[in-house]
Amino acid sequence: MTAIEIVSDVNGSHRLIGQAHVTRSRGQVSTTFLYDPTYLADGGMNIDPTLSLVPGAQYHPGLIGAFADSAPDRWGRNLIYKAERSRAREEGRVPRQLDDLDFLLGVSDDTRQGALRFRPPGSDEFLGEPSRVPRLVALPELLHASDELVSDDDPSGAVKRLLDTGTTGLGGARPKASVRLDDGGLAIAKFPHSSDSWDVMAWEATALDLLETAGVRAPQHQLTQVGDRSVLILRRFDRTRDDGRIGYISAMTATGSSDGDQKDYADLAEAIRDLSRSPVQDLHEFYDRIIASIALGNTDDHLRNHGFLADRGLWRLSPVFDVNPNPDPSRPRATSIMGADAMPDEIDGLLAIANDYRLTQSEARERIRRITASLSGWRGQARANRVPEREITMMDESIEPRLEALTRAAHAKD
């Protein structure tokens with residue numbers, strides 16, 4: 266059993282939340298958590314909806330969701346695993362089987378997502394690999410390292426370079442690295458993958474640009490070119506301008522879900538009503554995001570692609586992220602809309618779910634009209650981001666029928 270203290274770091278002020286005891290068995294972990302009595306007495310916020318603010322031990326199979334949100338996703342896990350393989354080769358041993366605790370503690374503490382930090386009981390030293398996050402000038406080197414990590418059977422040099430940047434703590438499957446903006450702010454550089462069939466990064470930038478035009482909050486971002494390849498730079502929204510940390514949980518944690526669970530946007534509405542400091546405002550904005558997700562064919566809308574930021578003891582919807590248009594018009598979405606996961610049923614689901622998002626049918630249709638009007642200039646925005654005409658033609662087969670169907674639904678009578 267491994268004991269770990271959980272600490273919140275808000276504006277550089279450390280506060281002991283409690284202690285976790287993690288049991289490891291055959292590659293699996295389970296967690297027993299106890300809130301610190303002082304944290305409870307001082308009115309500490311609930312860090313995870315599955316943890317009650319009560320004294321005594323609370324058991325959880327696997328890692329507690331809020332802890333898992335501080336751990337790496339597929340890209341970071343792959344990097345940590347390849348680092349272990351490289352070390353094992355150097356030491357002439359078999360690579361260790363890594364579990365969720367190894368991945369959680371293998372993350373750079375400097376770049377770890379959210380405001381939770383982890384340390385041994387009684388220690389002032391936080392667990393996690395040290396890092397030196399580079400400036401934007403290092404993008405060509407980092408892109409080369411990410412390419413090497415994907416394609417090379419023994420990418421030890423690339424592994425070391427990316428580990429040094431604190432990349433392991435970043436979520437998602439896409440190649441990426443931590444970087445510092447010109448003002449010193451922490452950011453994510455998202456890279457193309459060798460298997461991409463279209464300019465995924467330029468399309469993600471286009472989606473974020475369009476969503477901002479539609480009034481949806483998005484991270485500060487910029488699309489840049491390294492040679493002839495697109496790289497998307499996103500300022501971290503879980504950091505303040507002076508590099509302070511902001512608490513974060515994914516929608517997976519907010520809904521008490523686990524990887525592989527099938528969830529619906531009705532479940533997200535319930536989580537927003539339960540957790541949000543401004544539930545009506547967040548519900549309305551999230552409904553706009555669902556409209557845009559349908560219009561752009563953003564089907565990879567799983568629960569780790571939505572999140573919440575801590576706000577004075579409660580939670581608020583985070584800026585939108587990981588919105589990726591898909592050219593397949595019939596591809597099912599990861600999160601259903603009142604049971605619908607593909608066109609044309611998802612538009613019926615969009616109207617059926619309006620009440621869950623505190624909207625009347627007429628209000629829902631007005632929002633659909635407004636969002637679709639904002640997205641109608643998608644071709645021009647794609648061209649502004651240097652998307653090739655052949656890709657615009659390819660996406661047209663998915664996006665235009667969706668926009669037309671939404672427009673018809675918006676103008677139908679109640």
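Take 266 as the starting number for the sequence shown in our numbering and just add one per residue.
Even glycine gets a Cβ: it sits at the ideal position worked out from N, Cα and C.
This structure is a prediction, so every number in the text was calculated from the model and none was measured.
For this session: Would you tell me roughly how many angstroms separate the C-alpha atoms of T520 and A599, rounded to the nearest one?
Result: 15 Å
Exercise. Under three-state DSSP, which class holds A267?
Worked result: According to the sequence shown, residue 267 is Thr rather than Ala. Strand at T267.
Exercise. How about V299 and A322: are their beta carbons less than 8 Å apart?
Worked result: For the record, residue 299 in the displayed sequence is Leu; it is not Val. Yes, they are a contact pair.
Problem set entry | In DSSP terms, what I514 is bridged to | F573
Exercise. What are the start and end residues of the alpha helix (DSSP H) that includes K347?
Worked result: 339 to 356
Exercise. Which stretch, first to last residue, makes up the alpha helix (DSSP H) that contains H676?
Worked result: 654 to 676
Problem set entry | Simplified DSSP state of D529, which is helix, strand or coil | strand
Exercise. Considering only residues of the same chain and omitting the five flanking positions on each side of P320, which have a CB-CB separation below 6 Å?
Worked result: none
Exercise. Going along the chain, which residues of its own chain have a beta-carbon closer than 7 Å to the beta-carbon of V545, five neighbours each way excluded?
Worked result: R623
Exercise. Can you tell which of L499, H567, G572, R542 has the C-alpha that lies nearest to the C-alpha of I453?
Worked result: L499
For this session: Sort out for me which residues DSSP pairs W580 with in a bridge.
Result: S541, A575
For this session: Express the C-alpha separation of G525 and L281 in angstroms, rounding to a whole number.
Result: 32 Å
Exercise. Three-state secondary structure (DSSP) at I636?
Worked result: helix
Exercise. Over what stretch of residues does the alpha helix (DSSP H) that includes H409 continue unbroken?
Worked result: 404 to 416
For this session: To the nearest angstrom, report how far apart T518 and D313 are at their CA atoms.
Result: 7 Å
Exercise. For V272, which three-state DSSP category applies?
Worked result: strand
Problem set entry | D374 versus E390 - alpha carbon distance | 10 Å
Exercise. Per DSSP, F383 forms a beta bridge with which residues?
Worked result: I271
For this session: Return the first residue and the last residue of the beta strand (DSSP E) that L451 is part of.
Result: 451 to 455
Exercise. Where does T625 sit, in a helix, a strand or coil, going by DSSP?
Worked result: coil
Exercise. Using CA coordinates, which residue listed in T505, N570, G509 is at the minimum distance from L533?
Worked result: N570
Exercise. Based on the DSSP output, what are the partners of F298 in its beta bridges?
Worked result: A285, Q323
Exercise. By how many angstroms is the C-alpha of D529 removed from the C-alpha of F551?
Worked result: 13 Å
For this session: Jot down the residue ranges of each uninterrupted beta strand (DSSP E) in the segment 460 to 497, minimum 3 residues, whole runs only, in chain order.
Result: 486 to 491
Exercise. Comparing alpha-carbon positions, which option in Y346, G562, E355 lies nearest V588?
Worked result: G562
Problem set entry | Exposure label - E654; buried when at least 16 CB within 10 Å | exposed
For this session: Please go through the same chain and pick out, in chain order, the residues whose beta-carbon is closer than 6 Å to the beta-carbon of A353, but skip the five residues on each side of it.
Result: P360
For this session: Identify the continuous alpha helix (DSSP H) that holds R426 and give its terminal residues.
Result: 421 to 429
For this session: Per DSSP, which residues does E394 bridge with? Please list them.
Result: S373
Exercise. For L499, does the three-state DSSP call read helix, strand or coil?
Worked result: strand
Exercise. Per DSSP, what kind of secondary structure is S558 in: helix, strand or coil?
Worked result: helix
For this session: State the Cα-Cα distance for the pair D307 and L540, rounded to the nearest angstrom.
Result: 20 Å
For this session: Would you mind reading off the limits of the alpha helix (DSSP H) that contains A649?
Result: 643 to 649
Exercise. Can you tell which of P399, L318, P594, G642 has the C-alpha that lies nearest to the C-alpha of D447?
Worked result: P399
Problem set entry | Buried or exposed by the 16-neighbour rule on C-beta atoms within 10 Å, applied to K425 | exposed
Exercise. Can you tell me whether R510 is buried or exposed, with buried defined as 16 or more other CB within 10 angstroms of its CB?
Worked result: buried
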